[in-house]
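Chains as they are written, first to last, in full-length UniProt numbering: chain V, 1 to 344; chain L, 1 to 347.
Structure follows, in structure tokens:
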């Protein structure tokens, strides 16, 4: 009796949901329609070839836009002229490389045939050094702080991560406005020092802010990775230390840091790899690497040599790409090796 | 009493590291929030105020008064008369050191006062034209449309193609499956900057230069997406597939009706990432797209700020428009994002 009642009640309640049911039927029809050609295909070629049907679209695009360019990249580096299509370009051997590498003294970019390339190499080197160490330290401290929070952890983690999601252009413009002549920082600066500074037009200041903005932009990502590493450290180790009465500093230097080291090394190499490729936000922030060439980095050199001049030197740009790619390859291999070591 | 208030789990007192940790969190929050908040507030300021120094915090605009007998609203001024009393008056004109004003209480009577005794009155009011002007007068509506188009189409294609490939690579053993997977993985670390020139040649060869489809096609086959989905699909038990095959379901039906719905959490994470990637993309669209009518929002914004460096009120409003979708996604879905990053290490 109750069961029937219940059944009635359910039908009555379900009744107003009809439009939804119609939507379901429509969805069903659409899904069946999508299915149909694939089912036919399977009947035609057999079950064993179906996996290929599934990988093919993705693989085709991947081959066209990634694998083929990778193979062609080296070809470009050995050709000259300004033609874009590889088969129209004359073979020049190692000329592009020797132009890039010909220098009076490697310590002074001004003595090089392509002084802009060497300026970019030098700038990328100092940027990488400062950015990688800066980000590592800031992310490590933030991860340590977040890891000991008992409440509000998710909230602060979200706040530190938010800038990572912004676009490089947005980040650059937000900071450009903050550092502008009429910006907030200058209001504070003028109040304290009595004078305004045009931060992005002074060599040292602009370099400082390029690194600062980059740390601000990306540190949340590395914080998350280090935090995951910290959470993987077993709790009971700390409990043992607590019983022994070990101080917090000692705990950090003797327990946390050694146990976290493999994770930190991987993060450091990842940071180096990403730092070498600096372009977007720095380029927009400094109006194309300025003042002068103080913030011109490698990728900017490659981009501008290939695409932003009247004479498009694709060969020279590719040779620089290949050199950068080799440096990145070495770093990637180091990372893989470290990763493997961390696993053991 | 203090012991009770500051007691945390397992500890009995606040030590110096607690205070330092707390200071770090507050400082970090401020360092992150202030530049963004400042850009946001500034984006509502009228042009005159954007260019004034020292800056004001809130967007302010001149107050106006509607006074009987005057067709247009008059700018409102605070007038301090000889007795020290302050009244709000409307300014009719100012010549040299004298100003002609009118009191709203006595609209018929014009007063001639010292220009030094009146001060402009302002009120907190957002300047909405900062947002509407760029969409109407400049091509920002086009940029916005292009960005939405690229983001939506590329994300849908990414989800479909990557999930199909991930399905094949996780649920079948076939010749070359390992090779394909390793080849894809090996390009995870491959940066665009290394293959910029040949990738552009491919785009030109396919006649996709200066075409939004050139941006879309070249970005959808992400190795990250395939990897993420494959790892998730590996956790789905194969029994389900076997049972479906016994019921004579076709392979596509298995993918479409069983695996895809079950992979919803991983698909959601990939969808979120794909939207953010495509919305924020800069260098590749910069190479592929050359005419302004094809620019995405990021390119348009960059070109505009290079051309009109003094129009900060427009630059900032469009910057806010560019960060809005990502911010909304983050506000509602941040848990998926941070967990996705922490578990897979993708960005």
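We put the CB at the ideal spot given by N, CA and C, even for glycine.
Open item on the list: Can you confirm whether residue 195 of chain V, when its beta carbon is compared against all beta carbons of chain L, has any partner nearer than 9 Å?
Closed with: no
Task: Interface positions of the region 142-154 of chain L facing chain V (Cβ-Cβ less than 7 Å), listed along the chain - done: none
Open item on the list: In the DSSP output, what is residue 79 of chain L paired with across the bridge?
Closed with: L/87, L/118
- [ ] Starting from the Cα of residue 181 of chain V, find the closest Cα among V/201, V/59, V/337 and give me that residue.
- [x] V/201
Open item on the list: Is residue 39 of chain V close to chain L? Criterion is C-beta to C-beta, closer than 9 Å.
Closed with: yes
Open item on the list: Could you tell me the alpha carbon to alpha carbon distance between residue 232 of chain V and residue 131 of chain L, rounded to whole angstroms?
Closed with: 47 Å
Open item on the list: Counting only Cβ-Cβ distances shorter than 7 Å, please list the residues of the region 129-152 of chain V near chain L, keeping chain order.
Closed with: 141, 142, 145, 148, 150
Open item on the list: Using 9 Å as the threshold, is the C-beta distance between residue 66 of chain V and residue 234 of chain L below it?
Closed with: no
Task: Cβ-based contacts, 7 Å cut-off: residues of the region 321-334 of chain L near chain V - done: 322, 323, 326, 330, 334
Open item on the list: Please state the DSSP three-state secondary structure of residue 65 of chain L.
Closed with: strand
Open item on the list: Any contact between the region 146-164 of chain L and the region 74-84 of chain L? By contact I mean 3 or more CB pairs, one from each, below 8 Å.
Closed with: no
Open item on the list: The beta strand (DSSP E) that contains residue 101 of chain L, what's its start and end?
Closed with: 98-102
Task: For residue 294 of chain V, the first and last residue of its enclosing alpha helix (DSSP H) - done: Careful: residue 294 of chain V lies outside any alpha helix (DSSP H) and carries neither H nor E.
Task: Residue range of the unbroken alpha helix (DSSP H) whose run includes residue 191 of chain V - done: 184-193
Open item on the list: With DSSP as the reference, identify every bridge partner of residue 79 of chain V, one or two as the case may be.
Closed with: V/91
Open item on the list: Closest to residue 325 of chain L by C-alpha separation, out of V/340, V/222, V/166, V/278, would be which residue?
Closed with: V/166
Task: Inter-stretch contact at 8 Å, needing at least 3 Cβ pairs: the region 208-224 of chain L / the region 146-154 of chain L - done: yes
- [ ] Grab me the residues of residue 262 of chain L's own chain with a C-beta within less than 7 Å of its C-beta, minus the 5 sequence neighbours each way, in chain order.
- [x] 236
- [ ] Measure from the C-beta of residue 241 of chain L to each C-beta in chain V and report whether the shortest distance is under 9 Å.
- [x] no
Open item on the list: Considering only the alpha carbon of each residue, which of V/23, V/35, V/42, V/74 lies closest to residue 325 of chain V?
Closed with: V/74
TODO: Evaluate residue 59 of chain V with the Cβ neighbour count: other Cβ atoms within 10 Å of its Cβ, from every protein chain shown; 16 or more gives buried, anything less gives exposed.
DONE: buried
TODO: Name the one or two DSSP bridge partners that residue 112 of chain L has.
DONE: L/100
Task: Paired residues, beta bridge with residue 124 of chain L - DSSP - done: L/60
Task: Residue burial classification, residue 16 of chain L (beta-carbon count within 10 angstroms, cutoff 16) - done: exposed
Task: Endpoints, the alpha helix (DSSP H) within which residue 45 of chain L is located - done: That residue, residue 45 of chain L, is in no alpha helix (DSSP H); it is neither H nor E in DSSP.
Open item on the list: Determine whether the beta carbon atoms of residue 251 of chain L and residue 42 of chain V lie at a separation below 9 Å.
Closed with: yes
- [ ] With DSSP collapsed to three states, give me the class of residue 151 of chain V.
- [x] coil
Task: Cα-Cα separation between residue 336 of chain V and residue 159 of chain V, rounded to whole angstroms - done: 31 Å
Open item on the list: Does residue 283 of chain V pass the burial test, meaning 16 or more other C-beta atoms within 10 Å, or should it be called exposed?
Closed with: buried
Open item on the list: I want to see whether chain L comes within less than 9 Å of residue 340 of chain V, judged by CB atoms only; does it?
Closed with: no
TODO: Rounded to whole angstroms, what's the CA-CA distance from residue 170 of chain V to residue 255 of chain L? Just pull it up for me.
DONE: 39 Å
TODO: For residue 58 of chain V, return the contacting residues in chain L, with the cut-off set at a CB-CB distance below 7 Å.
DONE: 161, 162, 164, 165, 221, 226
Open item on the list: Just to make sure I have the definition right: I need the residues of chain L whose C-beta is within less than 9 Å of the C-beta of residue 161 of chain V. Which are they?
Closed with: 330, 334, 337, 338, 341
TODO: Note down the Cα distance separating residue 248 of chain L from residue 39 of chain V, rounded to an integer number of angstroms.
DONE: 11 Å
Open item on the list: Counting C-beta neighbours from all protein chains within 10 Å, is the total for residue 37 of chain V 16 or more, i.e. buried, or is it exposed?
Closed with: exposed
- [ ] Could you pull the start and end residues of the alpha helix (DSSP H) that residue 314 of chain V belongs to?
- [x] 314-343
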